[in-house]
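What follows is a single structure, written as structure tokens, with notes after it.
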Amino acid sequence: MREKVIEQKLRIEVKAKGGLALKFTSPGMAGVPDRIVLTSDGRVYFVELKAPGKHLSPRQVKISCLLEKLGHKVWVIDCLEKVEEFVDEIYSP
């Protein structure tokens, strides 16, 4: 399965719940997560998407650690099941 398929599922599932899964790019700073997920109640999540079995690059690990030091969790999603787990967790009451 390709990363693109997983990314598309994430966008569709988040949109169905009333949120946005925006593409995240930061010129001059490589390694940022692929998507910023914004919920309708003001929460923000960072998501890195990978093809099944692929891992974060050293630069992505560094940026993820930086974001986590700032108090943000970075989700790594590499399959459709993890998309569903992510959406269920962030939208559970």
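Residue numbers (full-length UniProt numbering): 1 to 93. Every residue, glycine too, gets a C-beta built ideally from N, C-alpha and C. Quick caveat: nothing in here was measured; it's all calculated off a predicted structure.
- Annotation for residue 66: no residue places its beta carbon closer than 6 Å to its own, counting only its chain and skipping 5 residues before and after.
- Closest option to residue 30, judged by alpha-carbon separation, among 45, 18, 58, 88: 58.
- Residue 62 carries a helical assignment under DSSP once its states are collapsed to helix, strand and coil.
- Put simply, the backbone Cα of residue 70 is about 11 Å away from that of residue 63.
- Residue 86: member of the alpha helix (DSSP H) spanning 80-91, first to last residue.
- Counting every other CB atom within 10 Å of its CB across the protein chains shown gives residue 12 a total below 16, marking it as exposed.
- In the DSSP assignment, residue 49 falls within the beta strand (DSSP E) that extends over 44-49.
- Taking a C-beta distance under 9 Å as the contact criterion, residue 50 and residue 77 qualify as a contact pair.
- At a Cβ-Cβ threshold of 9 Å, residue 22 and residue 6 do not count as neighbours.
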